[in-house]
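Asks: Numbering (the numbering used here), first residue to last: 18 to 1166. C-beta atoms are modelled at their ideal positions from N, C-alpha and C, and glycine is treated no differently. Supplied in structure tokens, the structure appears directly below.
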């Protein structure tokens, strides 16, 4: 029994308080006109006094029985004896107060007799009109009355003194006075008609809302508690609807209802409806919780959503909580704990707000939270109470009338049946961050945002019970190093979003909450703490709970991150006053890294790109795909969306860690190859550059490779998206390439400028050194993937799908495939590939495959070689024993390519720039600008080399080509074109040999008579002709005669057939003994030359002269020609004298 848990009073004969005074009772009687109850035995009911009668008369009527003030007991009355025996322990019978409490607090199903019920009510009513109790209060609470100014000034004799003491009972420190007032308050609150002024203020509303009868005795004590409950429900319902109110509650009644709730806030016994509704639940959940100071309320609130909680109690608790949300003073513990803090922080002195709003729980929370966030002192006890009520708001959406009012449609359509543990609120939040088809309207969205700001779950994740329960396992594993309740817990959860440690339910709850936190920068307490000064200085923000139309909360973070990354503008340093502090910049970067995981966490992006997201990216629902999709369709986006996506991409180029998913995917590569740049607090594009350079390391996985390539492709759309390139070349682009936006076009523009300046030997390069260095990096990166060069990729799309469908794009594999299939390419693609090869041959560093395959060989053989001479260096070391076979094969491929067209061999082109137009102009006239000459020009130069008509520089280069092609027939494109069938028919084994040592050429020479095709036969004859000019061009003969050359022709200078003539003379000289193999090969060559002379005689005098000069019997032939000339001269002389003599004889006649 409650009576046993409370200390007994000293003044049991003066058991009850005069709260109302006579005037209110008179008003009640006159207004309501209740029938007078029958007089119970031994006690007479008060006669209904006339309105306006003196208080003394009523007091006298109430005290007409003297024995009531002395030894009269309720237990002696016949009307209640049976109920007393049945319901109350015997030891309470001697105590009127204990009996009264016992019968009042009985279980609802245990009825008492009507006569007993009326006896109790009249007993309390008569006592409340007795002024003697005011004198008792004056005596018991003498020092307290003196301390409380308001009560000391109350008029005596009208019952108002004790009413004032009830109002200020929280300030009563005197023990006996406190106990006295507490006991009497519990009696008064048992019936709304006994509460001072309540009936006067709320009579019309009771009738209008049909909350019960106002007639004495019409309902029992339980029903009278229901009347107040009915009014309370009407009050909260009115706040939730605000429209179509048939019977709006009068303002004075609203205040009375809230005042009653406030006065009953310390002891749950005083809220009769809640007491009776939750009596069993109190025993079940809060048995060990002492009554008083609102402790039982708080205990029941904490168990509100337990399965064992009865629905009746849950409803009563919800009504109580709704009243608290309207007036924080209805919560005794909150009002008491925060009283001094509210005064200290001036939370009740806002002249811009109506007084009614200042009592709102949300206003109190916002005001005190603002103080906490500003670093002001708020007591720990108050902060603890605030935490409880913020959690309460997040648990039950119905406590926020704005949510109930403005989100009713969304709740009924999508969130019905989810009323417990914050699930309805999270359902609304999920819809709020959804697409247009399920989006909430703006008013509901605003209500949700206001609630999140009031509850401030960003400061302590435990406030959001749904999030706390969903993420408990993740917090225990991934965030166990962080103190419980620390704001960094949310940051930790965001960092583990989409990782193996994250669970699906936690992921959903986290994103739902972060969606709203991202729309108000103040809701991230760490960000607000570190950046409030910068925000006020740079973004013109106001206080924590104040808003500005010029800078709404959602725009502040955009303002901060623009200043965080703006270190240079138009090539000039930005004023330090316009930069963020270091701590703030770190926080901005942290949040950017976390929120980049989902476009919905970027309010500006989602707002401006809603249409484009639906148009282009409706099917891209996986993590991170929406932003990638927007970047892919950058040119197709509307201007406002294109601008914000471009700005975000520009930030990513400066700090790629904003793309958290990419960084996670690339973690193995970063740890091994890029840990130095990754550890830098400020990333300036170095990390992405490192990832690109190591894109094909063994640590690179598919996800990372795809992500890096995607970002490279996005960078091609605008040179600003490459941070280092932008910062290095900004001035050069403005000066040399104005109005060019695409990165590939900018690179081409700058590259052409650099090349022209280099070719023209300009005194000063127009492109700055810093830009040239970065330009080289960009060119190298673009050479890795054909997609990074749109001018090449677009013309070759169809060829790629037709000829290289299963080849990967990366590692320049696709480009290499197209090179190998060059003869089958479409005309446009063929032209582009030719231009690409021309550029690579001029600058081998741009040949990605060559540089990749031969990387180690370049380090071994060409460390001192200029970058543009790398291929030349590799060719010179191609036949070294230390040469890697794969690199050797790649060098051969490039040699084959070079020999197809002199323009692809820059060294030859430079050496023969005068010889080519002189001897091969007819070939040039027939050739196209972007198509290969298939070795025709080089073939032309070879013939002139055999005729010894080339300039020295050109002759040296042709000799090298002849020597190389003599070893490998594939390096002679004309031979390949005309003799491919003959080779496959006559020289299969030689062609299949991996080592090319001139065996195929030798096979063709040996089988010259078997060759059927004239074109092929001509090529072989040309080879024979070329070999006469230089023995080095005939590798088989040179190998066979190497020793003889050393012994007999060491002093002979190579070239122009001199060494070959030396060997032929040695062959004819019987004194000289040549090596058998050399002798045999030489004899074979003489036979071949003889056959060649017969098959292909000299076509003119010049060819004849060349043949004589290149003949091994040149001296003999020249001697014979000289002797013939001499003979002819002598014959002419003799014949001339004879004819002259004959003529004279004829004249003499």
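Would you say the region 334 to 345 touches the region 300 to 319, given that touching needs at least three Cβ pairs under 8 Å?
Replies: Yes: at least three Cβ pairs fall under 8 Å.
Asks: Tell me where the alpha helix (DSSP H) around residue 446 begins and ends.
Replies: Position 429 of the chain shown, counting from 1, holds the residue named residue 446. 440 to 449 is the extent of the alpha helix (DSSP H) around residue 446.
Asks: Going straight from the alpha carbon of residue 96 to that of residue 288, what length do you get?
Replies: For the purposes of this step, residue 96 is taken as residue 79 along the chain shown, with counting starting at 1. For the purposes of this step, residue 288 is taken as residue 271 along the chain shown, with counting starting at 1. Looking at the two C-alpha atoms, the distance is approximately 27 Å.
Asks: Are there three or more Cβ pairs, one per stretch, closer than 8 Å when the region 706 to 716 is compared with the region 648 to 660?
Replies: Result no; under three Cβ-Cβ pairs closer than 8 Å.
Asks: Using a 10 Å radius around the Cβ and a threshold of 16 neighbouring Cβ atoms, would you call residue 598 buried or exposed?
Replies: As a working note, residue 598 is residue 581 in the chain shown. Under this definition residue 598 is an exposed residue.
Asks: Is residue 246 helix, strand or coil by DSSP?
Replies: Here residue 246 corresponds to residue number 229 of the chain shown, with the count starting at 1. Reduced to three states, the DSSP call for residue 246 is helix.
Asks: Taking only the alpha-carbon atoms, compute the straight-line gap between residue 298 and residue 409 and give it to the nearest angstrom.
Replies: The count along the chain shown starts at 1 and reaches residue 298 at position 281. The count along the chain shown starts at 1 and reaches residue 409 at position 392. If I take the Cα positions, the gap works out to 19 Å.
Asks: Using 8 Å for Cβ pairs, my map puts residue 720 next to residue 735. What's the rounded Cβ distance?
Replies: Position 703 of the chain shown, counted from the start, is the residue given in the question as residue 720. Position 718 of the chain shown, counted from the start, is the residue given in the question as residue 735. Not confirmed; about 25 Å, so no contact.
Asks: With a CB to CB cut of under 7 Å and the five nearest residues on each side skipped, what residues in its chain are close to residue 807?
Replies: Taking the chain shown and counting its residues from 1, the one referred to as residue 807 is at position 790. Excluding sequence neighbours, residue 807 sits near 733, 761.
Asks: Fully enclosed by the region 749 to 782, which alpha helix (DSSP H) runs are 4 residues long or longer?
Replies: You should have 760 to 776.
Asks: How about residue 689 and residue 707: are their beta carbons less than 7 Å apart?
Replies: For the purposes of this step, residue 689 is taken as residue 672 along the chain shown, with counting starting at 1. For the purposes of this step, residue 707 is taken as residue 690 along the chain shown, with counting starting at 1. No, these two residues do not count as a Cβ contact at 7 Å.
Asks: Within the continuous alpha helix (DSSP H) that includes residue 560, where are the two ends?
Replies: The residue given as residue 560 occupies position 543 in the chain shown. Here residue 560 belongs to no alpha helix (DSSP H), and DSSP marks it neither H nor E.
Asks: Please classify residue 10 as buried or exposed, where buried requires at least 16 neighbouring CB atoms within 10 angstroms.
Replies: In the structure displayed, the chain extends from 18 to 1166; residue 10 sits before or after that span and is not available.
Asks: Do the CB positions of residue 439 and residue 482 come within less than 7 Å of each other?
Replies: To locate residue 439, count along the chain shown from 1; it is residue 422. To locate residue 482, count along the chain shown from 1; it is residue 465. Contact flag set, yes.
Asks: So what does DSSP say about residue 731, is it helix, strand or coil?
Replies: Here residue 731 refers to the residue found at position 714 when the chain shown is read from its first residue. Here residue 731 sits in helix by DSSP.
Asks: From 443, 1037, 536, pick the residue whose C-alpha is nearest to that of residue 523; which is it?
Replies: Working through the chain shown from its first residue, we reach residue 523 at position 506. Considering only alpha carbons, the answer is 443.
Asks: Whole-angstrom Cβ separation of residue 913 and residue 895, contact assumed at under 8 Å?
Replies: Residue 913 sits at position 896 when you count from the first residue of the chain shown. Residue 895 sits at position 878 when you count from the first residue of the chain shown. Their Cβ separation, rounded to whole angstroms, is 13 Å, which puts residue 913 and residue 895 out of contact at 8 Å.
Asks: With distance defined between alpha-carbon atoms, name the residue in 843, 729, 810, 785 nearest to residue 797.
Replies: The residue labelled residue 797 in the question sits at position 780 within the chain shown. When each option's Cα is compared against that of residue 797, the closest is 729.
Asks: Nearest to residue 215 by CA position, among 312, 171, 791, 271, is which residue?
Replies: For the purposes of this step, residue 215 is taken as the residue at position 198 of the chain shown. When only C-alpha atoms are compared, the closest one is 271.
Asks: Would residue 244 pass as a contact of residue 194 if the rule is Cβ separation under 7 Å?
Replies: Translated into the one-based positions of the chain shown, residue 244 becomes position 227. Translated into the one-based positions of the chain shown, residue 194 becomes position 177. No, Cβ-Cβ distance for residue 244 and residue 194 is not below 7 Å.
Asks: Could you check if residue 1152 is buried or exposed, using at least 16 other CB atoms within 10 Å of its CB as the buried criterion?
Replies: For the purposes of this step, residue 1152 is taken as residue 1135 along the chain shown, with counting starting at 1. That one is exposed.
Asks: Would you list, in sequence order, the uninterrupted alpha helix (DSSP H) runs of no fewer than 4 residues that lie entirely inside the region 828 to 872?
Replies: As far as the region 828 to 872 is concerned, its whole alpha helix (DSSP H) runs of at least 4 residues are 830 to 837, 844 to 859, 865 to 870.
Asks: Considering Cα atoms alone, identify which of 938, 255, 724, 544 is closest to residue 390.
Replies: Counted from its first residue, the chain shown places residue 390 at position 373. Minimum Cα distance to residue 390 is reached at 544.
Asks: If you reduce the DSSP assignment to three classes, tell me which class residue 1076 lands in.
Replies: If you number the chain shown from 1, residue 1076 lands on position 1059. Note: residue 1076 maps to helix in three-state DSSP.
Asks: If we require 4 or more residues per run, which alpha helix (DSSP H) segments fall completely within the region 297 to 356?
Replies: Counting only runs of 4 or more, we get 312 to 319, 328 to 343.
Asks: Would you call the region 1068 to 1085 and the region 1004 to 1017 touching, i.e. three or more CB-CB distances under 8 Å?
Replies: Verdict: no, contact absent.
Asks: Take residue 341 as the anchor and find which of 283, 363, 1102 has the nearest alpha-carbon.
Replies: Here residue 341 is taken as the residue at index 324 of the chain shown, counted from 1. That would be 283, whose Cα lies nearest to the Cα of residue 341.
Asks: To the nearest angstrom, report how far apart residue 885 and residue 1034 are at their CA atoms.
Replies: Along the chain shown, one-based indexing puts residue 885 at 868. Along the chain shown, one-based indexing puts residue 1034 at 1017. Approximately 38 Å between the Cα atoms of the pair.
Asks: Once DSSP output is grouped into helix, strand and coil, what is the label at residue 813?
Replies: What you label residue 813 is simply residue 796 of the chain shown in a count that begins at 1. Note: residue 813 maps to coil in three-state DSSP.
Asks: Shortest alpha-carbon distance to residue 1069 belongs to which of 1053, 1047, 673?
Replies: Walking along the chain shown from the start, residue 1069 turns up at place 1052. When only C-alpha atoms are compared, the closest one is 1047.
Asks: Should residue 838 and residue 820 be called a contact, given that it needs their Cβ atoms to be closer than 7 Å?
Replies: The residue given as residue 838 occupies position 821 in the chain shown. The residue given as residue 820 occupies position 803 in the chain shown. Contact flag set, yes.
Asks: Could you tell me the alpha carbon to alpha carbon distance between residue 665 and residue 496, rounded to whole angstroms?
Replies: What you label residue 665 is simply residue 648 of the chain shown in a count that begins at 1. What you label residue 496 is simply residue 479 of the chain shown in a count that begins at 1. One C-alpha to the other measures close to 29 Å.
Asks: For residue 114, which of helix, strand or coil comes out of DSSP?
Replies: Taking the first residue of the chain shown as 1, we reach residue 114 at position 97. Residue state, collapsed to three classes: helix.
Asks: Compare the C-alpha of residue 919 against each of 883, 855, 890, 862 and name the closest.
Replies: What you label residue 919 is simply residue 902 of the chain shown in a count that begins at 1. The shortest C-alpha separation from residue 919 is found at 855.
Asks: Measure the beta-carbon distance from residue 292 to residue 302 and round it to whole angstroms, keeping in mind my assumption that it falls under 8 Å.
Replies: Start at 1 with the first residue of the chain shown, and residue 292 comes out as number 275. Start at 1 with the first residue of the chain shown, and residue 302 comes out as number 285. About 15 Å; that fails the 8 Å criterion.
Asks: Please report the straight-line C-alpha distance between residue 89 and residue 136, rounded to a whole angstrom.
Replies: Position 72 of the chain shown holds residue 89. Position 119 of the chain shown holds residue 136. Each residue's alpha carbon lies about 14 Å from the other.
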